[in-house]
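With the sequence shown counted from 1, adding 3 to any position gets you the numbering used here.
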Amino acid sequence: MGFKRKQMLGFGLILLFLAILLSFMVFTLNNLKGSMTEIVEDRYYKVSASMEIRQLFTQSDREILFAANDANKEERAESLEVINKNHDLIEQKIAELSGTLNKTKARQLLKEFETQYVTYSITESEIIQNIQSKNPSTDLSMLMNDQRDKRTKVISTMGAFKDYQESVMNDTLSNAKKTYEDMINFTVFAVILSILVISVTIVWMIRSTSKDLQSITKVINNIDFKNLSVVPRIPIRTNDEIGDIARSFNEMAASLETYNRKEKDFTDKISGQNWVQTRVADIATMYQRIVDVEVLADRFITRLAPMMGASLGAFYIRRGEGENMRFVKISSFAGDGENAGRSEFRMGEGLIGQCALERKVEFIDGIPEDFQLVTTGLGEVNPRSIVIAPVVFEDEVVAMVELASLENFTTLQKQFLTQVLDTLGITINNVEGRMEIERLLKESQAQTEELQAQSEELQSQSEEMQAQSEELQTQAEELRMINEQLEERNRETEDKSKELQIAKLNLEKQAEELKLSSKYKSEFMANMSHELRTPLNSILILSEMLSDTSDSKLNEEQKEFARVINSSGQDLLTLINDILDLSKVEVGKLEVVFEEMNMSELPDLLHRNFDHVAKKKNIDFKVTKDKNVPDIFFTDEQRFQQILKNLLSNAFKFTEKGSVSVQIKKADEENVAQWIQTKGANSWVEINVKDTGIGISKDKQKLIFEAFQQGDGATMRKYGGTGLGLSICREFAKLLGGWVIVDSQEGEGSTFTFFIPSMPEGFKNMGEAIAASPEVAATASVEETAPIAEKEQPDVVILDGEGQKNANPFFGKSVLVVDDDHRNIFALKNALKNEGMEILTAENGYECLEILEKGNSIDAILMDIMMPGMDGYETMTRIREQSEYDNLPIIALTAKAMKGDREKCLKAGASDYVSKPLKLEQLLSVLRVWLTN
């Protein structure tokens, strides 16, 4: 029997017994109601009527006695009137009672009363006539005696009638009580019986289903929610609804296992990509400020070997040209004296020479027993895997790297090595170019000093000649000889000048090569930005959509996974931006705009940005500004604010309790002069950011201002961060003509002091800013340009119901997404469809133009810039050449995000510009403005 049928049968029996019990109670209550109605409406009425007749009769009797004995004429007349009135009422009551009596005895008693009352009425009439006559009869007393006897009989009969009605009413009341008691007894019996029947029915229903439910509960309790790779199944014993539940659970378990497996694969893939990109960025950052190839090789092999899990390594650099070309070992890792690899080899010589000749990477897993051993303090061990990799620049092998490991190299390590080698060739070429420039510069300086010495010698000799002019005639022969010497020296000077000119041309050529190298590096950083931001774009959009609390398809744990993925992506994006900051500093792509700013607004700005942080960490936060600080100040406000925000962010991050304070005061120029040149500044301001945090030891106070450095490893693990914040603060301060210093005691907090000048005229050139700094370096932040549409945001009106659909500017709009990356297309397509839009897609500019030529109604275009075939610039230009698309909104999307990209996009025909990774709210804000306009 099915679960539903069991439920219907059980509840049917319960309802049947309840219906029987209710029917009996209704029947009994109707009987009780009839008895009570008879008592109240019938018997009580008859008793009450008999009492009223008796009262009227008694009143008439008193009035007759009063009229016969004591009353005067007027009183007698009133008494007779009352008697007549009562007589009429008594006859009326008797008539009413006659129509309501249903008992024979009652009718007999009423008939007897009526007869006696008639007789009494005759006597009463005679008495009244006697009283009304002017000569009353002498037999009035006899009439009164007769009236008294008849009155006694009337009263007696009326009393008997009343007593009979009361006895009938008592009998009816007794029957009603008996009926009530019977109803109570039956109700108790019926309730007990119903309870027994219902209990038996419920027990039967529970026992028939509890066994299956217990088996389901047991399986569910055995689920390990922390490991959903294997979910237990419920055995199916019945074909009823519980069997359906078991089947549905088993299907859900299979889906959970599949989803868990896919989620694990996706997480492993993302973690692997993060591992590779983080280490590639670490290696790329290491290249900075290296001007010697041997230093580069030593740092590279030392950093690369642990990342690759290698226990032995060697680095070879190409020397010579043509037949003399060979590869020389200049650095090694964990080598045993001079035995870490061959000292040198030629192209095609041995396996490593063959790899250099073919320009391919070779991974070797089968290692012979007599191979170079990996040496430790305890002994020696054979490696299990070897990699030989060429370093290529412009299709030429410039270096070779060989690593040996005790374990086989993983796929991630191979991918990491491939990406690192792609940039190493450019770096080696840059460093060699710098070394050659430095060598030529030293030769030029030496030649210049030699020429200057010769010029001074010639000048001295000329002075001697002038002093001896009086002796010219006597020393003609000597003068001729001297002139010949001078001519010889002039020829030598001309030769030196020609050599200097050649050296100058060589220097200019090297400068052009260095400029070209910087261009290659800028292109590499731009391409790296594009390649990193493109997958980040889809990761951030999809993880933001998955973590949306309005999505009921995911549980809280899965939404937390999505939020962790989104947070990790944002951290990686921040790291990419910081690396691009330092790269822009190195290549000198920097813009600083000195403008007027209001210093009086600074305290309120800092409170708005950090009050909530202080409140969340329960830390006191105070900002004070001295009165002598000028309100009008000339500097680059954007970078000035970024310095303060970085310093305050550090202060709050490393302060667990206590306070953070900011003091703004006018700086003493003599105090500033000990740190930085003060020439050219209108005035100086000193800003102290003080905290009660963990503090910094004396030996680490210089280290923290270097890129990717923090106090120690424990600090980085506990508080996080990349170690770029303070480095950028000091570099920005130098660009503004200022400086940042620190005063701290470990465990007692820190005070960072920021000196900044007011520069109404700014710096005439960047050299002044660099010269004003105690270090020759500068940095710039990534150029951030807000989309045009964000500057003209319309007011948002919140509606409900149908009004939201009508007020949604995206509903029913058709958007064409042009992007060669399927991940971005997938993310944008799903995100925009959730807003009610209709999405068309194209993978390059040709497909975009074909869709437009087909006459599709397009409301807006999202255009990627870097695409194969026809890129975004050319596509936008061709679209704008068609007059019907003059007003079609085209929003350019790019992950390259280099300086000048925005202006280039707008010039090509873009309506607006958004850089990747996209922020979904920002993109929707831009679309809202252009679609509503």
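Ideal Cβ placement from N, Cα and C applies to all residues, glycine included.
Keep in mind it's a predicted model, so treat the numbers as computed, not measured.
Open item on the list: Quick check on Lys919: buried or exposed, where buried means 16 or more other Cβ atoms within 10 Å of its Cβ?
Closed with: By the Cβ-count criterion, Lys919 is buried, with 16 or more other Cβ atoms from all chains shown falling within 10 Å of its own Cβ.
TODO: Assign Met600 to one of two classes, buried (16 or more other C-beta atoms within 10 Å of its C-beta) or exposed (fewer than that).
DONE: Met600 is buried by the Cβ-count criterion.
TODO: Could you tell me if Glu924 is buried or exposed, where buried requires 16 or more neighbouring beta carbons within 10 angstroms of its beta carbon?
DONE: The residue is exposed, with fewer than 16 neighbouring Cβ atoms inside 10 Å.
TODO: If I'm right that Val394 touches Asp295 with Cβ under 8 Å, what's the distance once you round it to whole angstroms?
DONE: About 17 Å; that fails the 8 Å criterion.
- [ ] Report the rounded CA-to-CA distance for Leu12 versus Asn253, giving the unit in angstroms.
- [x] Rounded to whole angstroms, Leu12 to Asn253 spans 30 Å at the Cα level.
Open item on the list: Quick check on Tyr123: buried or exposed, where buried means 16 or more other Cβ atoms within 10 Å of its Cβ?
Closed with: It is buried - the Cβ of Tyr123 has at least 16 other Cβ atoms within 10 Å.
Open item on the list: Using C-beta distances below 8 Å, list every residue in its chain close to Trp278, excluding the 5 sequence neighbours before and after it, in chain order.
Closed with: Once the five neighbours on either side are set aside, the close Cβ partners of Trp278 are Leu415 and Phe419.
Task: Which listed residue (Leu843, Phe116, His615 and Arg250) has its alpha carbon closest to that of Val157 - done: Checking every option, the nearest Cα to that of Val157 belongs to Phe116.
- [ ] Check whether the Cβ atoms of Cys908 and Ile868 sit closer than 8 Å, and answer yes or no.
- [x] In contact: Cys908 and Ile868 (Cβ atoms closer than 8 Å).
- [ ] Note down the Cα distance separating Leu605 from Gln291, rounded to an integer number of angstroms.
- [x] Cα to Cα, the separation comes out at about 36 Å.
Task: Proximity winner among Thr451, Val688, Asp823 and Val821, relative to Phe757 (alpha-carbon distances) - done: With distances taken between Cα atoms, Phe757 lies closest to Val688.
Task: Burial state of Ala781 (16 or more Cβ within 10 Å) - done: The predicted position of Ala781 is uncertain, since its pLDDT is 28 and thus under 50; no value can be drawn from it.
Open item on the list: On the DSSP bridge list, what partners appear for Gly698?
Closed with: As DSSP reads the structure, Gly698 sits in no beta bridge.
Task: Cross-strand partners of Trp687 (DSSP beta bridge) - done: DSSP lists Pro760 as partners of Trp687.
TODO: Let me know the secondary structure DSSP gives Ser776 once reduced to three states.
DONE: Below a pLDDT of 50, predicted positions are generally treated as unreliable, and Ser776, at 49, falls in that range; the measurement from the model is reported next regardless. Ser776 sits in coil when the DSSP states are folded into three classes, being neither helix nor strand.
TODO: Count the other CB atoms, across all protein chains shown, that sit within 10 Å of the CB of Pro386; report buried if there are 16 or more and exposed otherwise.
DONE: Buried.
Task: Residue of Gly436, Thr451, Ser465 and Leu557 minimising C-alpha distance to Lys512 - done: It is Gly436 whose Cα lies nearest to the Cα of Lys512.
Task: Beta-carbon spacing of Ile23, Thr204 below 8 Å - done: Thr204 is positioned such that its CB atom lies no closer than 8 Å to that of Ile23.
TODO: Taking only the alpha-carbon atoms, compute the straight-line gap between Asn486 and Glu459 and give it to the nearest angstrom.
DONE: Put simply, the backbone Cα of Asn486 is about 17 Å away from that of Glu459.
Task: Cutoff 6 Å; reference Val233; Cβ partners in own chain excluding five residues on either side - done: Non-local beta-carbon contacts of Val233 in its own chain, meaning distances under 6 Å to residues more than five positions away in sequence, are absent.
Task: Straight-line gap, Thr126 to Val85 (C-alpha atoms, nearest Å) - done: Each residue's Cα considered, the two are about 17 Å apart.
TODO: Consult DSSP for Ser570 and reduce its assignment to one of helix, strand or coil.
DONE: In this structure, DSSP gives Ser570 a helical state, which the three-state scheme calls helix.
- [ ] Run through the region 99-169 for me and flag every whole alpha helix (DSSP H) of 4 or more residues, listed as ranges in chain order.
- [x] DSSP runs (the alpha helix (DSSP H)) wholly in the region 99-169: 107-135.
Task: Per-residue burial, Pro538 [other beta carbons within 10 Å of its own, 16 or more giving buried] - done: Counting C-beta atoms within 10 angstroms of its own C-beta, Pro538 has 16 or more neighbours from the protein chains shown and is therefore classed as buried.
Open item on the list: Given this structure, state the Cα-to-Cα distance separating Ser63 from Lys96, to the nearest angstrom.
Closed with: Distance between the alpha carbons of Ser63 and Lys96 is about 15 Å.
Open item on the list: For the alpha helix (DSSP H) containing Asp301, name the first residue and the last one.
Closed with: Membership of Asp301 in the alpha helix (DSSP H) is indicated by the continuous run Val296 to Met311.
Task: Per DSSP, cross-strand counterpart(s) of Glu598 - done: DSSP output for Glu598 lists Thr638 as bridge partner(s).
Open item on the list: So, for Arg57: in the same chain, excluding its five sequence neighbours on each side, which residues have a beta-carbon less than 6 Å away from its beta-carbon?
Closed with: Its chain contains Met161 as the residues whose beta carbon lies nearer than 6 Å to that of Arg57, once the 5 sequence neighbours on both sides are disregarded; these appear in chain order.
Task: Span of the alpha helix (DSSP H), counted from its first residue to its last, around Met911 - done: Reading off the sequence shown, one finds Ala at residue 911, where the question assumed Met. Residues Asp904 to Ala911.
TODO: Count the CB pairs spanning the region 666-673 and the region 627-634 that are closer than 8 Å, and state whether there are at least three.
DONE: Output reads yes: the region 627-634 touches the region 666-673.
- [ ] State the DSSP-derived secondary structure class of Ser346, mapped to helix, strand or coil.
- [x] Judged by DSSP in its simplified three-state form, Ser346 adopts coil rather than helix or strand.
Task: DSSP beta-bridge partners of Val626 - done: DSSP lists Val665 as partners of Val626.
Task: Glu547 classed as buried or exposed, judged by whether at least 16 other C-beta atoms fall within 10 angstroms - done: That one is buried.
Open item on the list: Can you look up Glu924 in the DSSP assignment and give me helix, strand or coil?
Closed with: Here Glu924 sits in helix by DSSP.
TODO: Please determine, among Ala845, Arg881 and Ile864, the residue with the shortest C-alpha to C-alpha distance to Met870.
DONE: Closest by alpha carbon: Ala845.
TODO: Can you say whether Gln135 is buried or exposed, counting buried as having 16 or more other CB atoms within 10 angstroms of its CB?
DONE: By the neighbour-count criterion, in which a residue is buried when 16 or more other Cβ atoms sit within 10 angstroms of its Cβ, Gln135 is exposed.
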